[in-house]
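Protein chains in written order, with the numbering used here: chain V, 2 to 176; chain U, 58 to 242.
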């Protein structure tokens, strides 16, 4: 019975140590000198983050009539139009992103394939075929950086004039 | 560090072995949560576009300085100006060096396009030709807003301008052609 109580006590103690890892550390300091080596400056902490360098902008699109059309910006920056869209503005820009993290790590980048753009008046357009110039196995370079560009196909129909805007969430994680 | 703990504490017996087996497993779990699963917070890029109807510009009326009589005996550098709204300035001393009459009017153009869109207007200088040559400097608005009825009735704007005369300017009729460009801002 005493042995059982002893086991119960030890098990409870173990659970307490699992839940409060700092207590484990405190106990271990009795067994060994703790190391307090500073992380060298410039060493990656393991986080991966990304910055939007340029937003995707179709600038101004001239729509002939009320038919269906599309404006396309490819990740290489090339633009084209289809259907009722007559012209993509000269200041159209491809989106670009800078990822930073641990050098040489493989990463996975997630973007939605389709988003909606909205106008103040409640109009809605669809940005479809969102694509990037990433390779099939993207890696951060030796400096921990990875740049990529993205574009898409903006589909326009009806009497849709006005300014439109939509959000495109992007996440990156280590593979 | 955990391995060092276990090495020392194994001397306390089987129960302590079990305890540290658990803590070692815990340590392994803690070590297992390495940065390898780091995920960036979702960052919002934006996509924007401005959709416009085709913009049309058409001439509504021609600019006319009216009749200008060179009344001064000898002068130069007298500027005759007509504003975008049609107000005429007849040199520096009207009625003495120059006399202006007739029905002066500015040029007028009509724009039709997207409601409330702002349009940039450009009109470079050019020469009026006739018995001689007169340099004409247009005065156009930098921008025009199409307003709430820009897609239906559109909006009309004026372009004025100026010429510089001297007592030696050959008399006669002078004409020229505007080049006006309108583009969505």
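C-beta: ideal position from N, C-alpha, C; glycine also. Remember, it's a predicted structure, so these values are computed and weren't measured experimentally.
Flag residue i as yes if its beta-carbon sits less than 8 Å from any beta-carbon of chain U, otherwise no.
i, result
"residue 113 of chain V", "no"
"residue 99 of chain V", "no"
"residue 56 of chain V", "yes"
"residue 172 of chain V", "yes"
"residue 125 of chain V", "no"
"residue 95 of chain V", "no"
"residue 119 of chain V", "no"
"residue 49 of chain V", "yes"
"residue 1 of chain V", "Since the displayed chain V opens at 2 and closes at 176, residue 1 of chain V lies outside it and no answer follows."
"residue 178 of chain V", "No answer is possible for residue 178 of chain V: the residues shown for chain V start at 2 and end at 176."
"residue 92 of chain V", "no"
"residue 76 of chain V", "no"
"residue 61 of chain V", "yes"
"residue 144 of chain V", "no"
"residue 162 of chain V", "yes"
"residue 122 of chain V", "no"
"residue 167 of chain V", "yes"
"residue 157 of chain V", "yes"
Give the straight-line distance between the Cα atoms of residue i and residue j, rounded to the nearest whole angstrom.
i, j, result
"residue 147 of chain V", "residue 48 of chain V", "14 Å"
"residue 75 of chain V", "residue 150 of chain V", "9 Å"
"residue 105 of chain V", "residue 91 of chain V", "37 Å"
"residue 166 of chain V", "residue 185 of chain U", "47 Å"
"residue 169 of chain V", "residue 84 of chain V", "25 Å"
"residue 207 of chain V", "residue 104 of chain U", "Absent from the model: residue 207 of chain V. The displayed extent of chain V is 2 to 176, so no value can be given."
"residue 187 of chain U", "residue 227 of chain U", "9 Å"
"residue 143 of chain V", "residue 108 of chain V", "14 Å"
"residue 95 of chain U", "residue 134 of chain V", "23 Å"
"residue 155 of chain U", "residue 224 of chain U", "9 Å"
"residue 72 of chain V", "residue 89 of chain V", "7 Å"
"residue 81 of chain V", "residue 135 of chain U", "53 Å"
"residue 124 of chain U", "residue 167 of chain U", "26 Å"
"residue 206 of chain U", "residue 234 of chain U", "29 Å"
"residue 99 of chain V", "residue 100 of chain U", "11 Å"
"residue 236 of chain U", "residue 70 of chain V", "32 Å"
"residue 52 of chain V", "residue 161 of chain U", "59 Å"
"residue 198 of chain U", "residue 145 of chain U", "17 Å"
"residue 97 of chain V", "residue 119 of chain V", "21 Å"
"residue 140 of chain V", "residue 50 of chain V", "14 Å"
"residue 208 of chain U", "residue 171 of chain U", "5 Å"
"residue 97 of chain U", "residue 57 of chain V", "20 Å"
"residue 222 of chain U", "residue 137 of chain U", "8 Å"
"residue 136 of chain V", "residue 116 of chain V", "22 Å"
"residue 231 of chain U", "residue 189 of chain U", "8 Å"
"residue 113 of chain U", "residue 169 of chain U", "5 Å"
Is there a C-beta anywhere in chain V that falls below 8 Å from the one on residue i?
i, result
"residue 96 of chain U", "yes"
"residue 111 of chain U", "yes"
"residue 231 of chain U", "no"
"residue 92 of chain U", "Residue placement at residue 92 of chain U is poorly supported in this model, since its pLDDT is 43, which falls under 50; the coordinates still yield a value, given next. Yes, its Cβ sits closer than 8 Å to a Cβ of chain V."
"residue 30 of chain U", "Beyond the ends of chain U as shown, which are 58 and 242, falls residue 30 of chain U; an answer cannot be given."
"residue 239 of chain U", "no"
"residue 142 of chain U", "no"
"residue 108 of chain U", "yes"
"residue 99 of chain U", "yes"
"residue 171 of chain U", "yes"
Can you tell me whether residue i is buried or exposed, with buried defined as 16 or more other CB within 10 angstroms of its CB?
i, result
"residue 131 of chain U", "exposed"
"residue 61 of chain V", "buried"
"residue 162 of chain V", "buried"
"residue 180 of chain U", "buried"
"residue 174 of chain U", "buried"
"residue 106 of chain U", "buried"
"residue 78 of chain V", "exposed"
"residue 101 of chain V", "buried"
"residue 195 of chain U", "buried"
"residue 200 of chain U", "exposed"
"residue 163 of chain U", "buried"
"residue 121 of chain V", "exposed"
"residue 176 of chain U", "buried"
"residue 192 of chain U", "exposed"
"residue 182 of chain U", "exposed"
How many whole angstroms separate the CB atoms of residue i and residue j, which I take to be in contact at a CB cut-off of 8 Å?
i, j, result
"residue 156 of chain V", "residue 129 of chain V", "6 Å"
"residue 218 of chain U", "residue 139 of chain U", "6 Å"
To test your reading of the DSSP string, which unbroken alpha helix (DSSP H) runs of 4 or more residues are found completely within the stretch 193 to 228 of chain U? List check, alpha helix (DSSP H) in window: nothing returned.
Which residue spans inside the stretch 120 to 163 of chain V form an unbroken beta strand (DSSP E) run of at least 3? Counting only runs of 3 or more, we get 125 to 133, 146 to 157.
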